Structure formats: C-alpha cells, structure tokens
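Under full-length UniProt numbering, residues 1 to 339 are what the sequence shown spells out, in order.
Even for Gly, the Cβ is constructed at its ideal location relative to N, Cα and C.
Please read these numbers as outputs of a predicted model, since none were measured by experiment.
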Amino acid sequence: MQDELYIKRCIELAQKALGKTYPNPLVGSVIVHNGEIIGEGYHHKAGEAHAEINAINSVKNKELISESTIYVSLEPCAHYGKTPPCALKIKELGFKKVVIGAMDSHDKVNGKGKKIIQDAGIEVISGVLENECIELNKRFFTYHEKQRPFIILKWAESGDRFMDKDFKPYSISNSLANQFVHQLRADEHAILVGTQTALNDNPSLTVRNVEGENPVRILIDFDLKVPIDFKIFNNEAKTLVFNSIKEGTENNIHFIKIKKENFLSDLMNALYKEQIQSVIIEGGSFTLQQFIDANLWDEAIVIKNENLKLENGTKAPEFDLKPNRIERFRDNSIQFYKK
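The following block contains the structure:
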C-alpha cells in the first residue's frame, strides 16, 4: 500500500508538465527514507533534467540516498540522449530500492533501465499502479507502439444534432465548455481541421482562455484553398499543411505532399515522422466521419447543448456509442468516450 501511495504522488507530479514534455513522456519521481519523503521531482520539458535527477537534486542530505527508495512512474531511461541515463545515476548513487510504476515500451529502454539497476544488486519492484501509469502516458505509448499519434475526436452539437445553423458558424458551447476546450488544446500536441472548417470558421486554433502552449496546427487542404492570410497561418504556432500540390517550409508553415487515396494511413505515417504524439481532430463533420469510419481514434469528446435546437445545418457525425462518463458544464454536457 505504501508503494502505491508514493507512485500516486509520482503521477501527480508528472501531470504538472502535461503538454510540455513532447516528445518525451510524463514522469514523476519521489525519494523516501524511513517512511518520509526527502526528495521529489518531475520532468518539466524535453532537453531538461529527467524526473529522477530533479528528485535527487532536491534531497538536502545526500548521505541518506543509499538508505532510501526511489519511486518513479516510468522505468528509468537507459540511453544517452540530451541527458545521461537515469538508470546509471541510480546505480552510481546506490539506492537501497527502486519502485517503478510502468515499464517503458520505447525500443531504447524496454527493460534495459531495470536490468542496469538489478545488475548493480539493487532491489527493483515494477508494475505498481501500472494501469494508472500507462494512462498517464497513453500518448507516448500509443505513438511508440502503434507508430501513430493518440487521436482525440472533438465536436460540439445541438440537441437536434447539428454542428452549425443553416451551414453558417454558430456558437453551440458556453464559456465554461470553451475554457475546457482551450485546456484540452494546451494539454495535447496538435490539433487538426479540414479545408471546410478553416474556410467557414477562420479559426486560429490557439490557446487563449487558459495558460499553456499552443498546439501544432494541422490543416488538411488538398487543393490549397485556404487563403494565406487566414488565422491558421499566423505566427502564433507551427502549422503543417497536408496537400497534393507542394512541399517545403515557409516561416512557421510546413507544406507536406500527400495523395487523396488512402490518405488517412499516409497522414498517420507523416505525423509519426513529425513526432506528433497526440492530435485533437476538431474538423467538420466530414473529416470526423472519416476517422470514425476508419475506426481510427482513441478517445472522443462531444459537447452537447441539449436545449439548443438549430433545425438545419451540418449534421453531427454518426457515432452510436455510449459515453464512459458525462460531465455537466452548466447548460452543456460533455460526453467522454474511450475505446
């Protein structure tokens, strides 16, 4: 039970960096001596110190380390990247025990970190609150295991299941739900729309109502119909434009050529190469339906304004599943779906 308590704290710490560690995973670490936490840390940003190093650095009396247990939500890394391997640091300092939440499926780690520590004669326990630790890094695991980003479908619909009124933009969600959407954007790596949504709504797809990083913007625009002075091309964030006409980079805009046939699998391959770990599909009904029909999604979020009747416009996607949970945001409900 104590082990679970400390791994839970590791998860809490790791979540503080949500949306900021790409392409690295979220990791938290706690150091315990005689039932007392003497050090804590989490990975803040790619290129900076890992969770274990931050936890070690926070320990005031370093002499206690050799009699302490270090808890970490994800297996300590075993390879040299922008920072040295954490597994070697743990071995060097001679911790008494190491407790790991989830093992790391990334090729460069995948049991190697645990082996380095065990070979040094240090006791290692793994798989503590494993499901919770995997959920914490669902984006990272999906990216490495399925070689595609973690995909979240998102749309708002009226009580009679329309996404706009008379095919013109209409505000369906309230200010509380909008704030939730902006937090979602800050938490995820990228956001995707199709040509029609970009033309109809002229969205900037940035984070405005909360603190956080702007996601990478992805536009599917085969014929390059969206004018270059539209907000999606402003310099507030990087924009990837998937099209059938040109390739190359112009300032913050990166044009990537793709064929219309079989475009979803080609898109997934391209996003994998771009190291995009998660994408919110915030496009119109047509784009969303393509992902639904291909069964290419991991989570879906539907904002519903039950009391609003729009009577005519773009029908919401066909999506006949029961939500895993529903949250109320005043007169809006947000339905959450998981595969």
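Where does residue i fall in DSSP's three states?
i	result
residue 185	helix
residue 230	coil
residue 329	strand
residue 136	helix
residue 305	strand
residue 242	strand
residue 9	helix
residue 113	helix
residue 130	helix
residue 225	coil
residue 142	helix
residue 268	helix
residue 17	coil
residue 178	helix
residue 211	coil
residue 3	helix
residue 320	coil
For the beta strand (DSSP E) containing residue i, list its first residue and its last residue.
i	result
residue 64	No beta strand (DSSP E) holds residue 64; DSSP gives it neither H nor E.
residue 275	Note, residue 275: premise wrong, no beta strand (DSSP E); not H, not E.
residue 257	253 to 257
residue 102	97 to 102
residue 199	It is not in any beta strand (DSSP E) - residue 199 instead sits in the alpha helix (DSSP H) that spans 195 to 201.
residue 123	123 to 126
residue 362	The structure shown does not extend to residue 362, since the chain is modelled only from 1 to 339, so the question has no answer here.
In the DSSP assignment, the alpha helix (DSSP H) including residue i goes from what residue to what residue?
i	result
residue 286	285 to 293
residue 335	Run containing residue 335: none in the alpha helix (DSSP H); it sits in the beta strand (DSSP E), 332 to 338.
residue 92	86 to 93
Give me the residue from the options with the minimum Cα distance to residue i.
i	options	result
residue 235	220, 245 and 254	254
residue 68	98, 275, 54 and 87	98
residue 1	38, 262 and 129	129
residue 169	297, 56 and 199	199
residue 155	252, 6, 305 and 330	305
residue 318	270, 292 and 16	292
residue 146	85, 115, 273 and 230	273
residue 316	158, 142, 58 and 76	158
residue 197	285, 115 and 181	285
residue 5	142, 246 and 133	133
residue 268	144, 103 and 115	144
residue 19	244, 35, 183 and 262	183
residue 48	95, 83, 31 and 34	83
residue 350	205, 35, 25 and 89	In this structure the chain extends from 1 to 339, so residue 350 is not present and cannot be described.
residue 244	250, 223, 263 and 228	223
residue 247	238, 257, 239 and 262	257
residue 60	39, 51 and 166	39
residue 218	212, 229, 205 and 148	205
residue 135	115, 11, 202 and 302	11
residue 177	301, 194, 164 and 117	301
residue 311	162, 238, 52 and 321	162
residue 14	34, 33, 43 and 35	43
residue 270	113, 148, 76 and 87	148
residue 89	116, 188, 21 and 41	116
residue 338	77, 307 and 324	324
residue 303	174, 221, 34 and 188	174
residue 23	45, 8, 3 and 35	45
residue 93	336, 308, 66 and 221	66
For residue i, list the residues DSSP reports as bridge partners.
i	result
residue 32	37 and 69
residue 354	Only positions 1 to 339 of the chain appear in this structure, which leaves residue 354 out of reach.
residue 46	Beta-bridge pairing links residue 46 to no other residue.
residue 248	255
residue 315	162
residue 53	DSSP, once it has assigned bridges, lists no residue as partnering residue 53.
residue 237	In DSSP, residue 237 forms no bridge with anything.
residue 190	216 and 279
residue 150	278
residue 300	153 and 337
residue 74	102
Can you confirm whether residue i, when its beta carbon is compared against all beta carbons of chain D, has any partner nearer than 7 Å?
i	result
residue 167	Looking at the structure shown, chain D is missing, and only one protein chain is on hand.
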